[in-house]
Amino acid sequence: MSDEFNKALADFTHDFASGGAIRHLADLGYNAYEIKEKLEFPTPVSKIAATMWKHFVDTGKVRLTPPKDEGEPIIQKDYITVYDSYGKPSFKQVTKTAEAEDRKYLKVDFGFLRYKDPKAFEDFLNRLDKKDRDFVEPLPWPLKEVWFEDCDLMQKILKLESVE
Numbered sequence: 098m099s100d101e102f103n104k105a106l107a108d109f110t111h112d113f114a115s116g117g118a119i120r121h122l123a124d125l126g127y128n129a130y131e132i133k134e135k136l137e138f139p140t141p142v143s144k145i146a147a148t149m150w151k152h153f154v155d156t157g158k159v160r161l162t163p164p165k166d167e168g169e170p171i172i173q174k175d176y177i178t179v180y181d182s183y184g185k186p187s188f189k190q191v192t193k194t195a196e197a198e199d200r201k202y203l204k205v206d207f208g209f210l211r212y213k214d215p216k217a218f219e220d221f222l223n224r225l226d227k228k229d230r231d232f233v234e235p236l237p238w239p240l241k242e243v244w245f246e247d248c249d250l251m252q253k254i255l256k257l258e259s260v261e
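Counting in the working numbering, the sequence shown runs from 98 upward without gaps.
Below is the structure:
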């Protein structure tokens with residue numbers, strides 16, 4: 098139990114000390130190594146990359162499931178707090194229908210490459226310039242396809258991946 102408490106305390110301390118700054122700098126386009134240089138609280142690159150990844154997934158910059166077809170509405174479930182006549186709070190599930198996604202995504206399979214063929218992944222990283230390599234390498238790419246929001250950086254990286 099003390100290990101669980103220590104991990105929870107470390108995660109809380111990390112989020113309080115540098116989590117917000119990491120998320121903000123990631124939104125501005127910094128990679129994990131650049132963020133490490135900007136932080137005043139010492140944080141390992143792996144922790145920075147994990148925070149960036151979670152933020153990208155939470156904000157929709159990275160999707161772990163295929164994006165919906167254009168024009169198909171998105172059903173979102175949310176919970177609101179309601180109070181009874183005595184002031185006791187409870188939660189109620191509310192379903193909202195959102196407009197279809199207006200974001201475009203690029204399919205990325207760096208996780209497959211990293212774990213199934215490490216030599217090919219290293220060759221791919223060597224073709225990237227330092228800034229692009231520092232963006233791709235530390236992120237915890239899962240062993241499946243993910244969809245990354247379409248941007249100039251990812252288009253440039255994917256063009257170099259397809260070059261042999």
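We treat Cβ as the ideally placed atom computed from N, Cα and C, and that holds for glycine.
For residue i, which three-state DSSP category applies?
i: ARG48; result: Any answer about residue 48 is impossible in this case: the structure gives the chain only from 98 up to 261.
i: TYR180; result: strand
i: ASP175; result: strand
i: PHE138; result: coil
i: PRO215; result: helix
i: LYS185; result: coil
The beta strand (DSSP E) that contains residue i, what's its start and end?
i: TYR202; result: 202–205
i: GLU242; result: Unbroken run through GLU242: none, as it is neither H nor E.
By a C-beta neighbour count over all protein chains shown, 10 Å radius and 16 as the cutoff for buried, is residue i buried or exposed?
i: LYS69; result: With the chain running from 98 to 261 in the structure shown, residue 69 is simply not present.
i: PRO235; result: buried
i: LYS241; result: exposed
i: THR140; result: buried
i: ILE119; result: buried
i: ILE254; result: buried
i: LYS256; result: exposed
i: ARG200; result: exposed
i: TYR180; result: exposed
Mind checking which residues open and close the alpha helix (DSSP H) that includes residue i?
i: LYS165; result: No alpha helix (DSSP H) contains LYS165, which DSSP labels as neither H nor E.
i: PHE232; result: 227–233
i: ASN103; result: 99–111
Determine contact between the stretch 216–228 and the stretch 182–195, defined as no fewer than three beta-carbon pairs at a distance below 8 Å. no
Touching by the beta-carbon criterion (3+ pairs, under 8 Å), the stretch 109–117 and the stretch 197–210: no
Decide if the stretch 131–140 is in contact with the stretch 208–218; the criterion is three or more beta carbon pairs, one per stretch, under 8 Å apart. no
Is there contact between the stretch 135–154 and the stretch 116–125, where contact requires at least three CB pairs shorter than 8 Å? yes
Can at least three beta-carbon pairs, one atom from the stretch 247–256 and one from the stretch 139–150, be found at a separation below 8 Å? no
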